[in-house]
Amino acid sequence: MSRVGKMPVTIPAGVDVAIKQDQISVKGTGGALHLNQNSLVTITSDAGKLSFKPANDSREADAMSGTMRQLVNNMVVGVTKGFEKKLSLVGVGYKAQAAGAKLNLTVGYSHPVDKEMPAGITVATPTPTEIVIKGADRQRVGQVAAEIRAIRPPEPYKGKGIRYSDEKVTIKETKKK
């Protein structure tokens, strides 16, 4: 059995988990998230803990039990604490400005780039060269951060571009004559 799948998910106070035939719903102060249930995994709830067991002895069911456990755990953490990603802009004149559900970027193009935030995702700019993306759904927060980074990824010679705050960019040496 999967090592991750063996550990139960504890449900904190204030979080409501509903297990239906085909869907798992988690509601909390941070919002509500839904996940389609997999037929290879059986989920049992007892005394504020969710347990995940493979439905049969196949490798796929074993692997999926750990995957489902972690997805549900991310949903529980998301509706209680939430997730955030930090991006930083490196470059002369590079700046970001959050305006409601929009992010306005000036990153060296001849035009400003506007990025619309999906529902459930909030964006903030504490400084003009820093972007903070927050939300309850871990996958969507990471996807939006990756899409913003893809607008101007860091280049390897000067390191200019949009990067994750903990990302290390290896600078290449320029060509010698």
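For the sequence shown, the numbering used here assigns the number 1 to the initial residue and increments by one for each residue that follows. Heads up, the beta-carbon is just placed ideally off N, CA and C, and yes, glycines get one too. Only a predicted model underlies this, so the values are computations on that prediction, with no experimental measurement involved.
Straight-line CA distance for V92 to K177?
-> Rounded to whole angstroms, V92 and K177 show a C-alpha spacing of 28 Å.
Would you kindly report the start and end of the unbroken beta strand (DSSP E) that includes S51?
-> Start and end: 49-54.
From K160 to K95, what distance separates their C-alpha atoms?
-> Taking the straight line from one Cα to the other gives about 12 Å.
Minimum length 4: unbroken alpha helix (DSSP H) runs contained in the region 42-114 | Listed in chain order, the complete alpha helix (DSSP H) runs (minimum 4 residues) inside the region 42-114 are 59-80.
For the putative contact between M117 and K134, defined by C-beta atoms under 8 Å, what is the C-beta separation to the nearest angstrom?
-> That pair is no contact at about 10 Å.
Should G28 and V15 be called a contact, given that it needs their Cβ atoms to be closer than 7 Å?
-> Yes, they are a contact pair.
Which word fits N56, buried or exposed, when buried means at least 16 other C-beta atoms lie within 10 angstroms of its C-beta?
-> Answer is exposed; the Cβ neighbour count stays below 16.
A146 - containing alpha helix (DSSP H), residue span | Where A146 is concerned, the enclosing alpha helix (DSSP H) stretches over 138-151.
Segment contact flag, the region 44-61 with the region 104-115, C-beta cutoff 8 Å, min 3 pairs | Taking 8 Å as the limit for Cβ pairs, the verdict is that the region 104-115 does not touch the region 44-61.
V132 - containing beta strand (DSSP E), residue span | In this chain, the beta strand (DSSP E) harbouring V132 covers 130-135.
Just the C-alpha distance for V79 and D137, rounded to the nearest angstrom, thanks.
-> Straight-line spacing of the CA atoms in V79 and D137 works out to 8 Å.
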